[in-house]
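Asks:
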Amino acid sequence: MLVLYLGYSHPIEFPLPEGISAEVEKQTQVTIKGINKELVGQISAKIRDLRKPDPYKGKGVKYANEVLRKKAGKTGK
275 MLVLYLGYSH PIEFPLPEGI SAEVEKQTQV TIKGINKELV GQISAKIRDL
325 RKPDPYKGKG VKYANEVLRK KAGKTGK
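Okay, so the sequence shown: first residue is 275 according to the numbering used here, each after it adds one.
#1: Near F288, which residues of its chain fall below 8 Å by C-beta distance, leaving aside the five closest residues on each side in sequence?
#2: Pull the bridge partners of Q303 from the DSSP assignment, please.
#3: Since G293 and G308 are thought to touch, with beta carbons under 8 Å apart, how far apart are those beta carbons, to the nearest angstrom?
#4: Taking the alpha helix (DSSP H) that V314 falls in, what are its first and last residues?
#5: In whole angstroms, give me the CA-to-CA distance for K311 and V298.
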C-alpha cells in the first residue's frame, strides 16, 4: 500500500499489486520496482494520472526524466 499526499483534502491510498514494490527515496521521489516491465509502467502511469502535471505551474506527479513545457499565462503572448 502506497499512501500519497498530492495536495487534495485527503491522502490517497494506492494498492500495489503483487510483484511490485515502491521505495520513497525523498519526500518527492518514489521509485517503482518489479520484474514485469509492462506492469511497472502501467502502475507508474496510474500514479501519474492521480495528479497530472499542470501546464501553467508545473505542479503534479511527473516522471524523473520528463521535461514539461510551460504555457504562458494571460499576460504572455
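We put the beta carbon where it would ideally sit given N, CA and C, even for glycine. None of the values given here were measured: they were computed from a predicted structure.
Replies: In this structure, then:
#1: Here the set comprises M275, L276, V277, L278, K320, I321 and L324.
#2: Paired residues: K300.
#3: With a Cβ gap of about 5 Å, G293 and G308 count as contacting.
#4: Its alpha helix (DSSP H) spans residues K311 to D323.
#5: Straight-line measurement puts the Cα of V298 at about 19 Å from the Cα of K311.
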